[in-house]
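The listed protein sequences correspond, in order, to chains A and B. So the first sequence is numbered by the working numbering: it starts at 547 and just counts up by one. So the second sequence is numbered by the working numbering: it starts at 547 and just counts up by one. Where is the CB? At the ideal position from N, CA and C, for every residue including glycine.
2 protein chains.
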Amino acid sequence: MKFCSHCSAPLTFKIPAGEDRERFVCERCGTIHYQNPRIIAGCLPLWEGKILLCRRAIEPRYGFWTLPAGFMELGETLDQAAIRETREEACAEVESHGLYTVYSLPHVNQVHIFFRAELIDGRFAPGPESLETRLFEETEIPWDELAFSTVRRTLESFLEDKSRDRFEVKVGDLLPSPVMRQNPTPC
Amino acid sequence: MKFCSHCSAPLTFKIPAGEDRERFVCERCGTIHYQNPRIIAGCLPLWEGKILLCRRAIEPRYGFWTLPAGFMELGETLDQAAIRETREEACAEVESHGLYTVYSLPHVNQVHIFFRAELIDGRFAPGPESLETRLFEETEIPWDELAFSTVRRTLESFLEDKSRDRFEVKVGDLLPSPVMRQNPTPC
């Protein structure tokens, strides 16, 4: 962030009066340009007990498997965002079965939020951002080829909760692993 | 948003290639300026069974009572943000007792997230953004003077859950009331 998006003047990075941390500030028009974490919303979609995963056709993590998820857009609710992302990435219509996991990823300024969901008619297909979409039995999940740690944790929690038939909302923080610190793929 | 924050060129509002909605796009350097909802994180802080509220010293809703809450910052986890806001607005140190409410407010592009929390040493005082801080018995809550609908809903849920001694995460959407549509105070 170099220039003011309101008046085009160069920005200064400084602590504004009355605040306690550095912000991008426009000395010409006075605008403070706040930056905040973003939300990734997604689904854990089921059909006949199997889990729908998407193989990514985009970076980061091209070729790896993920739950359908993406950036929440303006004007959406959380579950609308999760349902839209499932439609876009897996061409699947789902009904939300409620909030399931909430993970903070402070090193990438993101919060990942997943809902449990059920396919409405069992139909799915790769969207433009997916190479492949497939239903996986519990024993078939490609653990070594998952795209993101929040996807792994959501799937692990789901299988654990399923085994005792009790689903509770999970909340946590996910920091980069030592390997990821060296080789910064996101999340 | 009028000018590119990377190169200062005027922005165009259009649908970028491969996308499905309008964005602010820089025709000179090619940057797409995404805008996303922001997270408000806060606490429902308890001390000896009473609830700590803050009377706002800032707009919007100057003079109305709120749970301590504010915008999540870069580099934070959700509970760090909620704890920091409680420190800033009520000069109180709290221990989180877990995620409690999650509300989408699509009309203001916000998600409000509250944690149940307990004061660590019972100390509190108004921070710079509060006129007053006070512990309220259940029967004393100033329902007609609450600042935001998400605060009201969180308090209502808490009292209901408390009466049956079982606390569960609540998720929902809050749209503006007809009155608020006419007189747009946030949330």
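Applying a beta-carbon distance threshold of less than 8 Å, which residues of chain A neighbour residue i?
i: residue 591/B; result: Ordered by position in chain A, no residue passes the 8 Å Cβ test against residue 591/B, which lies about 18 Å from the chain.
i: residue 704/B; result: Near residue 704/B there are no residues of chain A at all, since even the closest Cβ is about 16 Å away, more than 8 Å.
i: residue 617/B; result: 580, 582
Determine the chain B residues that contact residue i at a beta-carbon separation under 8 Å, and present them in chain order.
i: residue 585/A; result: 582, 583, 585, 657
i: residue 548/A; result: 551, 552, 553, 554
i: residue 644/A; result: 717
i: residue 697/A; result: Within 8 Å Cβ-Cβ: nothing; residue 697/A doesn't reach chain B, min ~19 Å.
Quick test of your reading: residue i and residue j, contact by CB under 8 Å. State the CB separation rounded to the nearest angstrom.
i: residue 618/B; j: residue 587/B; result: 5 Å
i: residue 666/B; j: residue 640/B; result: 6 Å
i: residue 602/A; j: residue 686/A; result: That pair is no contact at about 18 Å.
i: residue 631/A; j: residue 609/A; result: Contact doesn't hold; Cβ gap of about 19 Å is too wide.
i: residue 661/A; j: residue 642/A; result: 5 Å
i: residue 688/A; j: residue 611/A; result: 5 Å
i: residue 550/B; j: residue 575/B; result: 6 Å
i: residue 693/A; j: residue 633/A; result: Between residue 633/A and residue 693/A the Cβ distance is about 19 Å, and since that is not below 8 Å, they are no contact.
Do residue j and residue i have their beta-carbon atoms positioned less than 7 Å apart in this structure?
i: residue 620/B; j: residue 717/A; result: no
i: residue 589/B; j: residue 663/B; result: yes
i: residue 636/B; j: residue 679/B; result: yes
i: residue 697/B; j: residue 592/B; result: no
i: residue 648/B; j: residue 585/B; result: no
i: residue 502/A; j: residue 583/A; result: With chain A running from 547 to 733 in the structure shown, residue 502/A is simply not present.
i: residue 719/B; j: residue 623/A; result: yes
i: residue 745/B; j: residue 598/B; result: Residue 745/B lies beyond the range of chain B shown here (547 to 733); nothing can be said about it.
i: residue 556/B; j: residue 653/B; result: no
i: residue 560/A; j: residue 568/A; result: yes
i: residue 683/A; j: residue 596/A; result: yes
DSSP puts residue i in a beta bridge; with which residues?
i: residue 716/A; result: 647/A
i: residue 659/B; result: 587/B, 648/B
i: residue 685/A; result: None, per the DSSP bridge assignment.
i: residue 556/A; result: 549/A
i: residue 679/A; result: 600/A
i: residue 767/A; result: Nothing about residue 767/A can be read from this structure; chain A reaches only from 547 to 733.
i: residue 665/B; result: 640/B
i: residue 692/B; result: 611/B
Mind listing the chain B neighbours of residue i? Cutoff is C-beta to C-beta under 9 Å, in chain order.
i: residue 652/A; result: 620, 621, 622, 623, 626
i: residue 571/A; result: The premise fails here: residue 571/A is roughly 13 Å from chain B at the closest Cβ pair, so nothing lies under 9 Å.
What does residue i reach in chain A if we use C-beta pairs closer than 9 Å?
i: residue 640/B; result: In chain order: nothing, as chain A lies at least about 16 Å away.
Beta-carbon of residue i versus every beta-carbon of chain D: anything under 7 Å?
i: residue 659/A; result: The chain inventory of the structure shown lacks chain D, comprising the protein chains A and B.
Restricting to runs no shorter than 3 residues, where is the beta strand (DSSP E) found entirely within the segment 571 to 653 of chain B?
584 to 593, 596 to 602, 615 to 617, 640 to 651
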